[in-house]
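A.B. asks: Residues 2 to 55, numbered by the working numbering, are exactly what the sequence shown covers, in order. Using N, Cα and C, we set each Cβ at its ideal position, and we do this for glycine too. This structure is a prediction, so every number in the text was calculated from the model and none was measured.
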Amino acid sequence: MLEYLTLGEFAVAALMALAALSAFVWGVAGGAFGNVEGVKQRVLEAEDDEPPRS
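Have a look at this one:
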C-alpha cells in the first residue's frame with residue numbers, strides 16, 4: 002500500500018513539474034521575457050509624469 006502512495010506522490014510531483022516547465026516555455030515562446038529593460042523605463046517615465054503628492 003505504501004508503494005502506491007509513494008508512486009502517486011511522485012506522479013503528482015512530476016505532473017506539477019511538467020506544468021511549470023510548460024508555463025515557462027509558453028512564456029518564453031510568447032515573448033514575456035523579451036524586453037525587461039523596456040518595462041523598467043516605462044515605469045520610471047510614468048513616475049516622472051505624475052504630479053507630486055501633498
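(1) Please report the straight-line C-alpha distance between Ala20 and Ala33, rounded to a whole angstrom.
(2) Mapping the DSSP letters down to three states, classify Phe34 as helix, strand or coil.
(3) Which of the three DSSP states is assigned to Met2 in this structure?
C.D. replies: The short version:
(1) 17 Å
(2) coil
(3) coil
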